[in-house]
Amino acid sequence: MSTQAASTAFSALLRRDLLLAYRRRAELLQPLAFLLVVTTLFPLGVGPSPQLLADIAPGVIWIAALLATVLSLDSLFRSDFEDGTLEQMVMSGQSLSLIALSRIVAHWLVAGLPIVLLSPLLAMWMNLPDQGLSILIESLIIGTPVLSLIGAIGGALTVSLKRGGQLLSLLVFPLYVPLLILATSAVSAAVVDLPYAGQLGLMFAGLITALTLAPFATAAALKLSLS
Amino acid sequence: MISISDLSFERYFERVFEPVSFDLAAGSLLLVTGSNGCGKTTLLRLLAGLLEPSEGKIHIQEPPLYAGHNPAIKDDLSVEENIRFWMRFMGTRKTDLGPALLQQVIDEIGLTPVAQQEGRTLSAGQRKRCSLARLLFCDEALWLLDEPYSNLDREGIEMLDRILRDHLESGGACIMTTHGSLRPEGFDLQECHLISGRDRYAEAAA
Chain A
19 MSTQAASTAF
29 SALLRRDLLL
39 AYRRRAELLQ
49 PLAFLLVVTT
59 LFPLGVGPSP
69 QLLADIAPGV
79 IWIAALLATV
89 LSLDSLFRSD
99 FEDGTLEQMV
109 MSGQSLSLIA
119 LSRIVAHWLV
129 AGLPIVLLSP
139 LLAMWMNLPD
149 QGLSILIESL
159 IIGTPVLSLI
169 GAIGGALTVS
179 LKRGGQLLSL
189 LVFPLYVPLL
199 ILATSAVSAA
209 VVDLPYAGQL
219 GLMFAGLITA
229 LTLAPFATAA
239 ALKLSLS
Chain B
17 MISISDLSFE
27 RYFERVFEPV
37 SFDLAAGSLL
47 LVTGSNGCGK
57 TTLLRLLAGL
67 LEPSEGKIHI
77 QEPPLYAGHN
87 PAIKDDLSVE
97 ENIRFWMRFM
107 GTRKTDLGPA
117 LLQQVIDEIG
127 LTPVAQQEGR
137 TLSAGQRKRC
147 SLARLLFCDE
157 ALWLLDEPYS
167 NLDREGIEML
177 DRILRDHLES
187 GGACIMTTHG
197 SLRPEGFDLQ
207 ECHLISGRDR
217 YAEAAA
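Line by line, the protein sequences are chains A and B.
Numbers 19 to 245, taken from my numbering, label the letters of the first sequence in order.
Numbers 17 to 222, taken from my numbering, label the letters of the second sequence in order.
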């Protein structure tokens with residue numbers, strides 16, 4: 019398979035996914051609305067004390083981001099699996115890892131990127147101090163692609179199950195733990211003017227690892243689910 | 017083109033169908049017949065490489081084209097968008113023809129009037145036609161068609177026969193399943209009758 023054919027297939031799939039996302043935009047907004055609702059519930063639940071909210075802000079925003087991502091993961095491969103598209107893609111001779119990567123990129127564009135864009139609003143709601151905001155955004159820019167990459171493995175593993183969504187969240191949440199710890203600790207450190215480069219560096223290393231390995235793992239999981 | 021010997025597949029330690037062997041040369045058509053549930057689709061999926069055989073060997077020169085029961089059509093995309101996506105994705109030698117080829121394909125499968133309609137509005141027969149569109153732009157020499165006649169009207173059946181005849185005349189080959197009621201007319205064909213693994217045990221017990 020020539021590189022040109024592969025890149026044509028990659029861009030064709032990416033364009034199709036973005037077009038589909040646009041046609042189903044109501045579906046797309048649900049995880050984002052969920053993100054906003056979860057974040058608003060915290061001040062109501064734990065009390066609106068500004069200091070308390072500022073303390074828990076990094077954790078709350080990141081956990082809400084995790085939940086919103088997991089919500090959208092189940093549909094990552096499901097419709098392609100159910101209508102036979104996935105079968106045809108496997109048969110087409112195109113690299114399955116490349117197909118997986120294209121789906122992951124599309125997922126990040128429609129599910130991860132909006133979280134990054136919404137984060138200043140969330141930070142304001144949670145009274146996050148100004149010096150933490152840019153680090154929160156940076157941590158989300160590095161972290162949300164990892165959420166999509168790791169989540170795709172779970173999505174591919176559970177795609178053949180009728181109700182795979184719950185199992186999917188059980189599978190991926192433990193894998194998100196290191197990311198959550200690093201991200202919230204980076205933001206908390208930045209708020210009190212401590213160095214945070216180490217945490218961000220480790221997150222970046224995680225991103226590179228996930229980017230190099232997850233497409234292959236996802237491809238293998240898809241193969242398993244199809245047979 | 018393809019030759020298989022003593023091929024069988026086990027599901028839950030039970031053979032789905034009795035071992036089959038056949039050779040298929042270029043230009044020929046093989047009809048796989050058998051009752052519902054005797055493993056016709058399983059056999060095609062084995063040949064397509066979507067399943068691993070439990071026993072036996074498959075010698076195949078190049079990856080085949082497989083058209084299964086699932087039409088691989090997106091409900092939210094129009095007929096034209098669906099076909100255009102598959103043309104780009106499959107990467108055919110004929111891609112250079114571009115929009116002209118797309119129009120030609122849609123004309124040939126008879127979906128011109130609904131080309132701009134969303135996939136969800138199509139009838140079962142129109143869906144089948146749409147999924148058969150890839151026969152017209154793919155380069156694969158061996159076709160694996162799973163019940164290609166189902167849901168098609170008389171005109172659709174004639175269309176498929178025409179496409180198939182062209183393919184066989186240009187040196188292609190095709191393996192097609194049918195449960196018996198609809199068969200390709202006027203073809204010189206080989207036939208392979210599948211026997212369900214369960215039936216044989218029933219016969220032995222009787």
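We put the beta carbon where it would ideally sit given N, CA and C, even for glycine.
Which residues bound the beta strand (DSSP E) around residue i?
i, result
"B:C208", "205–209"
"B:F38", "36–40"
"B:D162", "158–162"
"B:E71", "71–76"
Going by Cα to Cα distance, which pick from the options is closest to residue i?
i, options, result
"A:A201", "A:P76, A:A30, A:L31, A:V210", "A:P76"
"A:L50", "A:S137, A:V210, A:L189, A:L198", "A:S137"
"B:E34", "B:C54, B:I20, B:K144", "B:C54"
"A:L36", "B:S147, B:M106, B:E97, B:N86", "B:E97"
"A:S29", "B:D22, B:Q142, B:R104", "B:R104"
"B:K144", "B:C154, B:P164, B:L152, B:I18", "B:P164"
"B:T58", "B:F203, B:G202, B:T193", "B:T193"
"A:G183", "A:S93, A:R34, A:A23", "A:S93"
"A:L229", "A:Q149, A:L140, A:W126, A:F191", "A:W126"
"A:G111", "B:D177, B:G65, B:C208", "B:G65"
"A:L231", "A:L189, A:G173, A:V164, A:L212", "A:V164"
"B:L152", "B:R178, B:E30, B:G72", "B:R178"
Just to confirm my understanding: we take residue i, look at its own chain, exclude 5 residues before and 5 after, and list those with CB closer than 7 Å. What are they?
i, result
"A:I153", "A204, V205, A208, Y214"
"A:W80", "L198, A201, T202"
"B:T128", "I122"
"B:R61", "L67"
"A:R96", "V177"
"A:A82", "L53, V56, T57"
To which residues of the same chain is residue i closer than 8 Å at the C-beta, ignoring the five residues directly before and after it?
i, result
"B:Q206", "F38, L40, S44, L45, L46, L47"
"B:N52", "H195"
"A:L131", "T162"
"A:F60", "L71, I74, V78, M144"
"B:I18", "D39, L40, L63, I74, H75, I76, Q77, P80, L158, A189, I191"
"A:I7", "The requested residue 7 of chain A does not occur in the structure, where chain A is confined to residues 19 to 245."
"B:S94", "A131, Q132, Q133, E134, G135"
Using the Cα positions of residue i and residue j, report the straight-line distance between them to the nearest angstrom.
i, j, result
"A:A237", "A:L146", "39 Å"
"B:Q120", "A:S243", "36 Å"
"B:M175", "B:L198", "14 Å"
"A:L54", "A:L119", "28 Å"
"A:A235", "A:R121", "14 Å"
"A:L218", "A:L85", "21 Å"
"A:V210", "A:I226", "28 Å"
"B:G141", "B:G50", "23 Å"
"B:W102", "A:D98", "13 Å"
"B:E26", "B:V36", "13 Å"
"B:R150", "B:Y82", "10 Å"
"A:L38", "A:S90", "14 Å"
"A:G224", "A:S166", "13 Å"
"A:G245", "A:S67", "First, the amino acid is wrong: residue 245 of chain A is Ser here, not Gly. Whole-angstrom Cα-Cα distance: 54 Å."
"A:L220", "A:L240", "29 Å"
"A:L151", "A:A24", "39 Å"
"A:S187", "A:V88", "6 Å"
"B:I125", "B:G202", "21 Å"
"A:L31", "A:L104", "12 Å"
"B:K56", "B:L210", "7 Å"
"B:A42", "B:A131", "34 Å"
Quick one: grab the DSSP three-state call for residue i.
i, result
"B:A83", "strand"
"B:I20", "strand"
"B:I27", "The question names Ile, but residue 27 of chain B in the sequence shown is Arg. In the structure shown, B:R27 sits in a strand (DSSP, three-state: E or B)."
"A:A174", "helix"
"B:I89", "coil"
"B:S51", "coil"
"B:E201", "coil"
"B:L45", "strand"
"B:C154", "coil"
"B:A149", "coil"
"B:M192", "strand"
"A:S120", "helix"
"A:E105", "helix"
"B:S166", "coil"
"A:E100", "helix"
In the DSSP assignment, find the alpha helix (DSSP H) that holds residue i and state where it starts and stops.
i, result
"B:G172", "170–185"
"A:W80", "68–91"
"B:D123", "115–124"
"A:F28", "21–41"
"A:V128", "Taken as a continuous stretch (DSSP letters only), A:V128 belongs to no alpha helix (DSSP H), as it is neither H nor E."
"A:S243", "215–244"
Under the criterion of a Cβ to heavy atom distance below 8 Å, does residue i qualify as lining the ligand SAH?
i, result
"B:T49", "Absence of the ligand SAH is noted for the structure shown, with no ligands found whatsoever."
With a threshold of 6 Å on Cβ separation, who are the neighbours of residue i within its own chain once the five nearest residues in sequence on each side are excluded?
i, result
"B:L168", "G141, K144"
"B:E156", "P80, L81"
For residue i, return the contacting residues in chain D, with the cut-off set at a CB-CB distance below 7 Å.
i, result
"A:Q106", "Looking at the structure shown, chain D is missing, and the protein chains on hand are A and B."
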